[in-house]
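First the structure, in the form of structure tokens, and then the observations on it.
This is the structure in structure tokens:
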């Protein structure tokens, strides 16, 4: 499994490339929108994984 940091770096590379390719304001806005959605999706997944780890740790203590 790829680390969270590596996935964030990949998202940022894609965003940077899209931003450099953008020739219109609309293209810039679209690049940002896609970037934000990617971040939100990744963060939600990451936090869910951490919550599972917390629940496992709590279960061991019981």
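In our numbering, the protein residues as written are -16 to 45.
Even for Gly, the Cβ is constructed at its ideal location relative to N, Cα and C.
Alpha carbon to alpha carbon, how far is residue 0 from residue 33? Give it in angstroms, no decimals.
Here residue 33 refers to the residue found at position 50 when the chain shown is read from its first residue. Here residue 0 refers to the residue found at position 17 when the chain shown is read from its first residue. Roughly 30 Å between the two C-alpha positions.
Since residue 48 is in the alpha helix (DSSP H), which residue starts that stretch and which ends it?
The question about residue 48 has no answer here: the residues shown for the chain are numbered -16 through 45.
Whole angstroms is fine: what's the gap from residue 17's alpha carbon to residue 45's?
Here residue 17 refers to the residue found at position 34 of the chain shown. Here residue 45 refers to the residue found at position 62 of the chain shown. Near 43 Å, if we compare the C-alpha coordinates of residue 45 and residue 17.
Express the C-alpha separation of residue 30 and residue -14 in angstroms, rounding to a whole number.
Locating residue -14 in the chain shown gives position 3, counting from the first residue. Locating residue 30 in the chain shown gives position 47, counting from the first residue. Cα to Cα, residue -14 sits roughly 13 Å from residue 30.
Output yes or no for whether 9 Å exceeds the beta carbon distance between residue 5 and residue 13.
Counting from 1 along the chain shown, the entry for residue 5 is found at position 22. Counting from 1 along the chain shown, the entry for residue 13 is found at position 30. Contact: yes.
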